[in-house]
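Enquirer: This is the structure I want to talk about, given as structure tokens.
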Amino acid sequence: MRFKFFIGHSLLASLLMISLTATGKDNLVVPKVDLSIKPLTCIVKQQGEQCQMIITAKWQAIHAIDACLYQGEKSLSCWQQQQNVVQKFNVSMHQDMQFSLKNSQGIVYAHKNININSISPKKYRRRLRAEWSLF
Amino acid sequence: MHLKYVVFLQKLFLLIILFTYSQQSFADCTNESSECSAIGQWHLSVALGAGVITNPLEGGENIPLVVVPYIHYYGEQFFIENNVIGYSFYQTENVILSAIGQLNREKSFFIDRKVSQLFIPNMSESTIARPGFTPQDEPINKNQINKRKWAVDGGIQLNWFLANNFDIEAQVLHDINNVYQGLNAHLGLHKLLTFKRLAHTRFKLSAGAKWQSKALTDYYYGLDESDNVDPKSFYQANSALNPYVSFNIQHKINHSWQAKLTVKKEFLDSNLTDSPLFDENNITSAFIGVVYAF
Chain F
34 MRFKFFIGHS
44 LLASLLMISL
54 TATGKDNLVV
64 PKVDLSIKPL
74 TCIVKQQGEQ
84 CQMIITAKWQ
94 AIHAIDACLY
104 QGEKSLSCWQ
114 QQQNVVQKFN
124 VSMHQDMQFS
134 LKNSQGIVYA
144 HKNININSIS
154 PKKYRRRLRA
164 EWSLF
Chain B
708 MHLKYVVFLQ
718 KLFLLIILFT
728 YSQQSFADCT
738 NESSECSAIG
748 QWHLSVALGA
758 GVITNPLEGG
768 ENIPLVVVPY
778 IHYYGEQFFI
788 ENNVIGYSFY
798 QTENVILSAI
808 GQLNREKSFF
818 IDRKVSQLFI
828 PNMSESTIAR
838 PGFTPQDEPI
848 NKNQINKRKW
858 AVDGGIQLNW
868 FLANNFDIEA
878 QVLHDINNVY
888 QGLNAHLGLH
898 KLLTFKRLAH
908 TRFKLSAGAK
918 WQSKALTDYY
928 YGLDESDNVD
938 PKSFYQANSA
948 LNPYVSFNIQ
958 HKINHSWQAK
968 LTVKKEFLDS
978 NLTDSPLFDE
988 NNITSAFIGV
998 VYAF
């Protein structure tokens, strides 16, 4: 009986804790951060080719923050208590990619997309046999 | 011309009218699809599922379809579609003429079924009894007779892309390795159906006919002294016309996977089914499964 009482109170306390944590997170104010990345387009000869280039990432916050710059899911660099940052990165990518500035909890401050364009765009032609023509 | 051929052509004409009566226009090739291919890229895919191609010959085993590989490649003019190789020498927006080469299907019905029947060429065949020359009623097992050879066909293919997702495919082929020393031809009408509510699902209806010359049918389905059968079973084949209909549904699941259902029925010429070699008067192909594109 005493054991059941203990379990019941523990569950109630846990639910309360979760609720408070969630409320606290919801109330977090994400500081405004201006992010610019140049260039935003990478040119390759043929579509599907790997793109390699040097980009310049520049971000500015209202006050000093901890932040990391990500290329997709991959972290490129992290800064602690910085307000203005300008840094160059050598990146390689084979498809359009999102670059995002996040805090340690994964909250996104700002993001930019880099697109890949090809000099000779992919061409298509009509197929001349019904697909799976073995039927 | 036989009355049944006239009736068939009338039905074919009605089908053309039915197929062309639609408001949609044929989509241009701007991305990868079952109708369009990126130039210069190899495409390999594998179908996994359950299916069969029936064998109409006496003693012939049906062809199981469980794992079916498929490969295609399109250059500016050159192309490969599994067992077909081609070169498009005349291309306009709606009409393409190509020189093609492909494996002839007929031999596949004569071989013992192991694992070898994954790449089956397009289908057609026929025989006809010579007037006053009725073969013996006893069926002849394909394994009892002299071996038939694989033939490689070469010839011309026409693709005519009309409005309303409708297209016509025609081929006239001759065996380039002198196996049967004859001709075969194919005329197919295809209609692609798409619906806004089913954005990832495509339906394709096809109807057509396959014609084979006397030389072809006589080589594969005629019976004579070389076949070591009773002279009463000797059979001289003649040219044949086999109509077919097919229905295909494919549903894109994601970038790599799609679900597929295909059913095809080919109706063999009655003269063909009179042959002692034949047991069935049609060929049914069916497959249901998933396709993975590498």
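Chains as they are written, first to last, in our numbering: chain F, 34 to 168; chain B, 708 to 1001. Just so you know, even glycine gets a beta-carbon here, dropped at the ideal spot from N, CA and C.
(1) What residues in its chain sit with their C-beta under 7 angstroms from that of residue 771 (chain B), if we drop five residues either side in the sequence?
(2) Could you round the C-beta distance between residue 70 (chain F) and residue 145 (chain F) to whole angstroms and report it? I think they count as a contact, below 8 angstroms.
(3) Using a Cβ cut-off of 7 angstroms, pull out every chain B residue sitting near residue 78 (chain F), in sequence order please.
(4) Do you know offhand how far residue 858 (chain B)'s Cα is from residue 879 (chain B)'s?
(5) Going along the chain, which residues of its own chain have a beta-carbon closer than 8 angstroms to the beta-carbon of residue 989 (chain B), five neighbours each way excluded?
(6) According to DSSP, what are the bridge partners of residue 743 (chain B)?
(7) Would a C-beta distance cut-off of 8 angstroms place residue 866 (chain B) and residue 161 (chain F) closer than the cut-off?
(8) Is the CB-CB distance between residue 947 (chain B) and residue 957 (chain B) below 8 angstroms?
(9) For the beta strand (DSSP E) containing residue 69 (chain F), list its first residue and its last residue.
(10) Take every Cβ of the segment 795–802 of chain B, pair it with every Cβ of the segment 744–752 of chain B, and state whether three or more of those distances are shorter than 8 angstroms.
(11) Which residues in chain F sit within 7 angstroms of residue 762 (chain B), going by Cβ to Cβ distance?
(12) To the nearest angstrom, how far is the alpha carbon of residue 794 (chain B) from that of residue 111 (chain F)?
(13) Beta-carbon of residue 803 (chain B) versus every beta-carbon of chain F: anything under 8 angstroms?
(14) What are the residues that DSSP puts in a beta bridge with residue 857 (chain B)?
(15) Does any residue of chain F bring its CB to less than 8 angstroms from the CB of residue 745 (chain B)?
(16) Considering only DSSP beta bridges, list what residue 89 (chain F) is partnered with.
(17) If we cut at 8 angstroms on Cβ distances, does residue 962 (chain B) have a partner in chain C?
(18) For residue 780 (chain B), I'd like the list of residues in its chain whose CB is within less than 6 angstroms of its CB, leaving aside the five on either flank, ordered along the chain.
(19) So if I threshold CB-CB distances at 9 angstroms, which residues from the segment 127–139 of chain F count as touching chain B?
(20) Mapping DSSP to helix, strand and coil, what is residue 925 (chain B)?
Expert: This is what the structure holds:
(1) What you label residue 771 (chain B) is simply residue 64 of the second sequence in a count that begins at 1. If we look at residue 771 (chain B) and ignore the five residues flanking it on each side, its Cβ neighbours are 759.
(2) Sequence index remark: in the first sequence, residue 70 (chain F) carries index 37 (1-based). Sequence index remark: in the first sequence, residue 145 (chain F) carries index 112 (1-based). Right, their Cβ atoms sit about 5 angstroms apart.
(3) Looking up residue 78 (chain F) in the first sequence gives position 45. Here the premise fails: no neighbours, minimum Cβ distance about 12 angstroms.
(4) Translated into the one-based positions of the second sequence, residue 858 (chain B) becomes position 151. Translated into the one-based positions of the second sequence, residue 879 (chain B) becomes position 172. Answer to the nearest angstrom: the Cα atoms are 15 angstroms apart.
(5) As a working mapping, residue 989 (chain B) is identified with position 282 in the second sequence. These residues qualify, in order along the chain: 761, 763, 972, 973, 974 and 975.
(6) Here residue 743 (chain B) is taken as the residue at index 36 of the second sequence, counted from 1. According to DSSP, which records beta bridges pairwise, residue 743 (chain B) is partnered with F:159.
(7) By one-based count along the second sequence, residue 866 (chain B) stands at place 159. By one-based count along the first sequence, residue 161 (chain F) stands at place 128. Contact: yes.
(8) Mapped onto the second sequence, residue 947 (chain B) falls at position 240. Mapped onto the second sequence, residue 957 (chain B) falls at position 250. Taking 8 angstroms as the Cβ cut-off, residue 947 (chain B) and residue 957 (chain B) do not qualify as a contacting pair.
(9) Working through the first sequence from its first residue, we reach residue 69 (chain F) at position 36. 66–71 is the span of the beta strand (DSSP E), which, as asked, contains residue 69 (chain F).
(10) no
(11) By one-based count along the second sequence, residue 762 (chain B) stands at place 55. By Cβ distance, chain F contributes nothing, its closest Cβ being about 14 angstroms from residue 762 (chain B), past 7 angstroms.
(12) As a working mapping, residue 794 (chain B) is identified with position 87 in the second sequence. As a working mapping, residue 111 (chain F) is identified with position 78 in the first sequence. For residue 794 (chain B) and residue 111 (chain F), the distance between alpha carbons rounds to 55 angstroms.
(13) As a first step, residue 803 (chain B) must be located in the second sequence, where it is residue number 96. Cβ-Cβ to chain F under 8 angstroms: yes for residue 803 (chain B).
(14) Position 150 of the second sequence, counted from the start, is the residue given in the question as residue 857 (chain B). Per DSSP, none; premise fails for residue 857 (chain B).
(15) Your numbering for residue 745 (chain B) matches position 38 in the second sequence. Yes, because at least one Cβ of chain F sits closer than 8 angstroms to the Cβ of residue 745 (chain B).
(16) Translated into positions along the first sequence, residue 89 (chain F) becomes position 56. According to DSSP, which records beta bridges pairwise, residue 89 (chain F) is partnered with F:71 and F:121.
(17) Absence of chain C from the displayed structure is noted, the protein chains being F and B.
(18) Taking the first residue of the second sequence as position 1, residue 780 (chain B) is located at position 73. Cβ within range, chain order: 749 and 787.
(19) none
(20) Mapped onto the second sequence, residue 925 (chain B) falls at position 218. Residue state, collapsed to three classes: helix.
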